[in-house]
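Student: If you scroll down you'll find the structure; I have some questions about it.
Number of protein chains: 4
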Amino acid sequence: MSKGKVCLAYSGGLDTSVILAWLLEQGYEVIAFLANIGQEEDFEAAEKKALAIGATKFVVVDVRKEFVEKVCFPAIQANAVYENVYLLGTSLARPVIAQAQIKVAEENGCFAVSHGCTGKGNDQVRFELSFYALKPDVVVIAPWRDPEFFNRFAGRNDLLEYASSKDIPVAQTKAKPWSTDENLAHISFEAGILENPDTTPPKDMWKLTVDPTDAPNTPEDFSVVFEQGLPVKLVLAGGKTITDPVDLFLEANALARRHGVGRIDIVENRFIGIKSRGCYETPGLTILRYAHIDLEGLTLDREVRAIRDQFVTPSYAKQLYNGMYFTPECEYVRAMIPPSQKTVNGVVRARVYKGNFIVLGRSSDTEKLYDETESSMDELTGFSPEDTSGFIAVQSIRIKKYGEAAREKNQPLDL
Amino acid sequence: MSKGKVCLAYSGGLDTSVILAWLLEQGYEVIAFLANIGQEEDFEAAEKKALAIGATKFVVVDVRKEFVEKVCFPAIQANAVYENVYLLGTSLARPVIAQAQIKVAEENGCFAVSHGCTGKGNDQVRFELSFYALKPDVVVIAPWRDPEFFNRFAGRNDLLEYASSKDIPVAQTKAKPWSTDENLAHISFEAGILENPDTTPPKDMWKLTVDPTDAPNTPEDFSVVFEQGLPVKLVLAGGKTITDPVDLFLEANALARRHGVGRIDIVENRFIGIKSRGCYETPGLTILRYAHIDLEGLTLDREVRAIRDQFVTPSYAKQLYNGMYFTPECEYVRAMIPPSQKTVNGVVRARVYKGNFIVLGRSSDTEKLYDETESSMDELTGFSPEDTSGFIAVQSIRIKKYGEAAREKNQPLDL
Amino acid sequence: MSKGKVCLAYSGGLDTSVILAWLLEQGYEVIAFLANIGQEEDFEAAEKKALAIGATKFVVVDVRKEFVEKVCFPAIQANAVYENVYLLGTSLARPVIAQAQIKVAEENGCFAVSHGCTGKGNDQVRFELSFYALKPDVVVIAPWRDPEFFNRFAGRNDLLEYASSKDIPVAQTKAKPWSTDENLAHISFEAGILENPDTTPPKDMWKLTVDPTDAPNTPEDFSVVFEQGLPVKLVLAGGKTITDPVDLFLEANALARRHGVGRIDIVENRFIGIKSRGCYETPGLTILRYAHIDLEGLTLDREVRAIRDQFVTPSYAKQLYNGMYFTPECEYVRAMIPPSQKTVNGVVRARVYKGNFIVLGRSSDTEKLYDETESSMDELTGFSPEDTSGFIAVQSIRIKKYGEAAREKNQPLDL
Amino acid sequence: MSKGKVCLAYSGGLDTSVILAWLLEQGYEVIAFLANIGQEEDFEAAEKKALAIGATKFVVVDVRKEFVEKVCFPAIQANAVYENVYLLGTSLARPVIAQAQIKVAEENGCFAVSHGCTGKGNDQVRFELSFYALKPDVVVIAPWRDPEFFNRFAGRNDLLEYASSKDIPVAQTKAKPWSTDENLAHISFEAGILENPDTTPPKDMWKLTVDPTDAPNTPEDFSVVFEQGLPVKLVLAGGKTITDPVDLFLEANALARRHGVGRIDIVENRFIGIKSRGCYETPGLTILRYAHIDLEGLTLDREVRAIRDQFVTPSYAKQLYNGMYFTPECEYVRAMIPPSQKTVNGVVRARVYKGNFIVLGRSSDTEKLYDETESSMDELTGFSPEDTSGFIAVQSIRIKKYGEAAREKNQPLDL
């Protein structure tokens, strides 16, 4: 008698294979689910393995298009970044995967969902908050937070022995001394030897991007066209032009990867209050985001930008990082992105070279906020310098009072 | 009979030489003032020229130490940046120069100060708001906003003719097709051919930094020690160690310059509401700021960082950019910087290579916010995974309601 | 030969009558414009007077509906308030009047608009920034900033003499020792004897509301229904029900006026940097806004509210106060209001009594964010108290580190 | 053999009496702790009862002075308020009580602390986060989150039976249909019949303040003197003058209480994500806070106020509400309060009348930010109206572009 159906996020690796077997052992029927979000993975091998272990069914869902169009591109529009540095590659993927998993769970009559996230990380939170929003009555089975499970599998050896006992094949390759998570936007490296924040990542850890010292000696130029803040066209040096969002994103990845652009190494603050060291490669997102920021300089009103920068970007980034995508406040903040981007239309010409992203120039046919004549220091057209005197005089009313008060109180102003 | 003494910010160039002569012609006595803020300049030639034109006195004030210690270092502590990109090199210098000029004006009995800033730029505002705060009764003479002056000197030829008529020597070197402003922290390039935002700056424009493509093929490693967010020690690869603030800053400059680090090219929003294109080289400040940001990851509490990032940094940057240094609000915001930096103590090891700044590792002997064991995905010490279940359950109360409401209203949540 | 047509905002009072005559004297043709925005005014007398002085035409535009629906109600939705106290009654009216005036100017072929605002106040800025946004090429004639005008009319006597010389009738009533501005939302009192911020306003100054000490001894109850944050129904104690927006607003005014609700007395900061004392009566807006705030407690998600409170409300209020309604940033911020109000549906029952607004209760048929069972301290339904232990444990990870560091450094935490 | 000493926050009521007995039953030795924070309570009866039940010791700590000076007054300086309405009366008391309890625990060798808070409220979080910060290794025993306890005592009858079985005397007075928490700053009412947010609180629920309809018909005037934002003197109508902080606070309470000032009724958002209805009386704090806000109008710079209002006040209020007093971020935000208050020196004259707080006037001998002449609409002294033209012209550069773009795109600006 089954205790009911569980939809397990299954990767084909050791952990989720053991979890699959353990769930079966507990009396559940298991639907194995795997999202294709652009990671390099052998989907067929995973399917074969899941079914061999005993899954009732194996479902792969291709979410790449949604991932790029509904999440990555808005993140570019909003210049999303966490703690000055992290481009949120993993965070962006979580709501997309969670939504697909809940859909599979519902289509297959599962009362519960399960995952292999550890009990200290961000991902468990990101997945589960999305699960609960999308299906408030869902049951979540998180083995790594279940004492029965984590006490039984205290070390890697316990997992290996259990796998062996269940005839679960284990890859012969030696486990790398860190863990990774990969999708179309990035790959992350953390844990293992990286847990010492003073350990420089070994050169062979990096996977997506070439090392800047090994990158070509010749820079490569390209241009990106934006409409309302969204990248709509990528033109490479040779003239190759890409407009399909997923293809554009993939080509931006390829371009940045071959020139070593997009590596990050930080100590960040997890949602649960622990500091954590992470290394990331986010090639395409890095160059598209930089290009977008540059174009905003030309086309976005100063005050709209200031409001967006101070309120929308950090709120959005924090919500994404903390797994709060499907929340009232994130719905609210997402509604603030497109109205900020109406004028962000134009082209950015740029260059990649040995880890650098360099702007070469930018232009816009439609937006006229930048006015060369007006901006020119040599021209008086359309602008009366005396006006600035009045502007300064009015600004100084308050400031003169400040200076006078300081003098009266014998507390002269100083640097 | 003199109309009184004026203290003129004098650079030795064509514009301020003409202004000097013009002020004399108007009947003022002129004290020429020049701040040494680290720019490459022939101070003796300027003195000789000023006196030759008719200045009563020429005063150079060395403000480099104050500039580094009182303004640049706090900017590093606050991670100051304007519109995501500009490190505020010019803005940082203005209050320091203004304070020195007012001091010279007061010491020499000047009722007025004068400068050669144009009527469309930020610098006139920055100087004058500082003047008015420091000496509320000062009179400001801004020739480029005085119709009598700017109508008389409508083009460069008018200036040259006037100079010739007054026997003012003019440098034979052909004027560059852009203007620059230099100090210890940076050099700016703007106007002229740069006014077209789609014009790529010519390779020979850049002055302080080597072109990344010409930079050494061998990376150079170094480390920076911070105390309470201030750089207190720079150690180069060969072991050379610098602790004096000005020397440290100069050495950071030299290091970044020889590896092509610190170039910026943006369209920014001037205080008076005009967009403007600027190119900047900010070598040392760039690497010290990046190192500081990195160390904050390891040593700064998440919430303190979030508050500082969202409220203090952008407020401070905007105040600096708009020339609001000597204002009640900037005094207030500056008071918020040190309390945020109590725990920012430690070392960042880093590398520069062909335009890149790369973190190699970071550590802190004194701050224990990062806990390798606790952070480790493999350890359960001091942390109960079940707690996270409660954490997620409580976080999800509100979110489940959101999901339920969406279901009830038949508006299913979607990406 | 006319120098062209000017559209003058004409009130019928002494100042704008003199300005009308003076504009004619300068050779302009004048279209007199008067907005009916709910002020108590003799429109016919004004028309007669304007035409008598020499206006080509007199145009009254009734903007009450737009004022209530497009500006006052969104201000209620956003809980708009400036410097904690001022409900922006005058600020709200300005863009509505400016838009009507520009429309009249365009329909009548006027190249310029003119107004009677003083050179120190907010209203000149509010009108003119709206004029320039709505018709960027408009010329603005502001006599009180024109030395020719303000030097000629240095005191009230100069105005009276000029009026007399032009046969302009002047009301016999003695001028009140303060000035007022009135519209459907409020009346303001400032200047004159009120300029001393320590002078208590005389009892007979207040015009719209009864003095609380003279208000009825019997409280009056009512209820307000909101949909998406907008008041859609007002039900009075006797059962009288009003749903038309303008009528609803007028009835709310009447209700608050007879119970002395909505008086304000503050020193505020004008846009141009001068402090200014103002007294205001804002009867209906006060009670509708309070009711709205109360309903948000029941129906609005905590985080949406926090974001709106911290970012949208103060930005919007500042923009309104500074006359920045027709700007990119205000368009942006206004777009943020409706998405915050989706769930603000329900009824607030309240009472007015001698200056007080008292909430009696609130309910919502459609929104279920408040859950009596869940909220109940006596019930365990749907909530596991142990979860809170996990929640607290995770929250305390960071805080324990803080406490430990304090102990290690012998700097014990203290209040 | 004792399992160790526990310091229990003991009120003398049924709940904590049962907890005391239950802790003893579990084998702990109990130190009963009671903070005197200004609540009306029979401390001697509580002591007698605690010892009778079996507490080893009963310790009362008088924290009223610390409460007023270190927490309430800074809250007045910061204008602290949660969700527009709630003055944080309970939140303010928690860190003071927690600190006293930890001190008692440490002095008496207790390894654990215990309290009678429910598992759904804010107070458990506020107490425990403070406990963990002040003594990171403390053990917290929260019986209402312990299944063994809450399953055993599922209803009030279970508590009564247990009390009877342990010879614990129970007050004969019938329990009120709500719960309260009282301190020097306020009393709260929640739960019971108040859980229906549409139930109007019965008139006899309110305890501290007279009903506005029963308040005196004669207003009562008074004045408050502030130094650096702190109330330093209260002068009543008859001339009675109070300067001691606790006495001043008590007298402000008495004044507001007899005129029915300071009642609040809201639905608020608890930290754990549940909405909750609360009624509060906060008499003295209400009038002191209003007076403080008023004085800031006269004496505080506009921009300092704006920064404080937008960033400091809401951050501080949220931290207080969520029990985050002893955290790095609250320490940081508290450091931002005094620098904002340097100029907040002066007197506010005010009136209370039947629930209303009415400002009569304000003045400052030392601060000159308000300048009557400058503010006057009738004076031109020290101010050139033409300057405002330049100010408006510069402000309109950006805005004209906005209007032009709208015209070009045939999307005319509209309200």
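Protein chains in written order, with the UniProt record's numbering: chain A, 1 to 415; chain B, 1 to 415; chain C, 1 to 415; chain D, 1 to 415. C-beta: ideal position from N, C-alpha, C; glycine also.
1. Could you check where the alpha helix (DSSP H) with D/Thr282 kicks off and where it finishes?
2. Which residues, taken in chain order from the stretch 335 to 363 of chain D, show a beta carbon closer than 7 Å to some beta carbon of chain B?
3. What does a CB cutoff of less than 7 Å around A/Leu194 pick up in its chain, not counting 5 residues either side in sequence?
4. Measuring CB to CB, does D/Pro212 end up less than 8 Å from C/Tyr290?
5. Run through chain D and tell me which residues come within less than 7 Å of B/Tyr332, C-beta to C-beta.
6. Confirm, please, whether the CB-CB distance from B/Tyr82 to B/Glu268 is below 8 Å.
7. How is the alpha helix (DSSP H) around B/Arg302 delimited, first residue to last?
8. How about A/Val138 and A/Ala105: are their beta carbons less than 8 Å apart?
9. If the cut is a Cβ gap below 7 Å, which residues of chain D does C/Asp265 touch?
10. Exposed or buried, which one is B/Ser223 when buried takes at least 16 other CB atoms within 10 Å?
11. Using a Cβ-Cβ cut-off of less than 8 Å, give me the residues of the stretch 269 to 290 of chain D that come near chain B, in sequence order.
12. Does the stretch 12 to 19 of chain B come close enough to the stretch 147 to 167 of chain B to have 3 or more Cβ pairs within less than 8 Å?
13. Using DSSP bridges, identify the partner residues of B/Cys72.
14. Tell me which residues share the same chain as A/Gly54 and place their Cβ nearer than 6 Å to its Cβ, disregarding the 5 neighbours each side in the sequence.
15. Pull out every residue of the stretch 388 to 405 of chain A whose Cβ sits closer than 7 Å to any Cβ of chain B, in chain order.
16. Quick one: what does DSSP say C/Ile151 is sitting in, helix, strand or coil?
17. Please decide whether D/Glu372 counts as near chain C, where near means a Cβ-Cβ distance under 8 Å.
18. Under 7 Å between beta-carbons, which chain A residues line up against D/Glu386? List them in chain order, please.
19. Where do the ends of the beta strand (DSSP E) carrying A/Lys57 lie?
20. CA-CA distance, B/Arg334 and B/Gln99?
21. What do you reckon, are the CB atoms on residue 419 of chain D and D/Thr313 nearer than 8 Å?
22. Could you say which of A/His259, A/Phe271, A/Lys275, A/Thr299 lies nearest to A/Gly284 if we only look at CA atoms?
23. Pair every Cβ in the stretch 73 to 91 of chain A with every Cβ in the stretch 44 to 53 of chain A, then say whether three or more of these pairs are closer than 8 Å.
24. Starting from the beta carbon of B/Ser375, find every residue of chain D whose beta carbon is closer than 8 Å, and list them in chain order.
25. Counting Cβ pairs, one atom from each stretch, are 3 or more of them under 8 Å apart for the stretch 3 to 16 of chain A and the stretch 26 to 34 of chain A?
26. What distance in whole Å lies between the Cβ atoms of D/Glu66 and C/Leu415, which are believed to be in contact at a cut-off of 8 Å?
27. With 16 other CB atoms within 10 Å as the buried threshold, where does A/Asn183 fall?
28. Decide if the stretch 353 to 362 of chain D is in contact with the stretch 351 to 368 of chain C; the criterion is three or more beta carbon pairs, one per stretch, under 8 Å apart.
29. Is it buried or exposed for A/Gly239, if we count other Cβ within 10 angstroms and need 16 for buried?
30. I want to see whether chain C comes within less than 8 Å of B/Lys368, judged by CB atoms only; does it?
31. Residues in the same chain with beta-carbon distance under 7 Å from A/Thr366, minus the five sequence neighbours each way, listed in chain order, please.
32. From C/Arg270 to B/Ser315, what does the alpha carbon distance come to, in whole angstroms?
33. Touching or not, the stretch 230 to 245 of chain B and the stretch 294 to 305 of chain B, by the rule of three or more beta carbon pairs under 8 Å?
34. Which value, in whole angstroms, describes the spacing of the CA atoms of A/Val246 and A/Ala350?
35. Which same chain residues end up closer than 7 Å to A/Phe226 when comparing Cβ atoms and leaving out the 5 residues on each side of it in sequence?
36. What's the C-alpha gap between D/Phe58 and D/Ser114?
Tutor: Let me lay it out:
1. Element bounds for D/Thr282: n/a, residue is neither H nor E.
2. Ala335, Met336, Pro339, Ser340
3. Trp178, Pro201, Arg277, Cys279
4. no
5. Val304, Ile307, Pro339, Ser340
6. yes
7. 302 to 307
8. yes
9. Val359
10. buried
11. Ile272, Gly273, Ile274
12. yes
13. BP columns for B/Cys72 are empty, so no partner.
14. Leu24
15. Thr388, Ser389, Phe391, Ile392, Gln395, Ser396, Ile399, Lys400, Tyr402, Gly403, Glu404
16. Just to set this straight, residue 151 of chain C is Asn in the shown sequence, not Ile. Residue state, collapsed to three classes: helix.
17. yes
18. Gly390
19. 57 to 62
20. 17 Å
21. The first residue shown for chain D is 1 and the last is 415, placing residue 419 of chain D beyond what the model contains.
22. A/His259
23. no
24. Residues of chain D passing the Cβ test: none, with the nearest at roughly 18 Å.
25. yes
26. 6 Å
27. buried
28. yes
29. exposed
30. yes
31. Asn345
32. 21 Å
33. no
34. 20 Å
35. Val232, His292, Leu295, Val344, Asn345, Gly346
36. 14 Å
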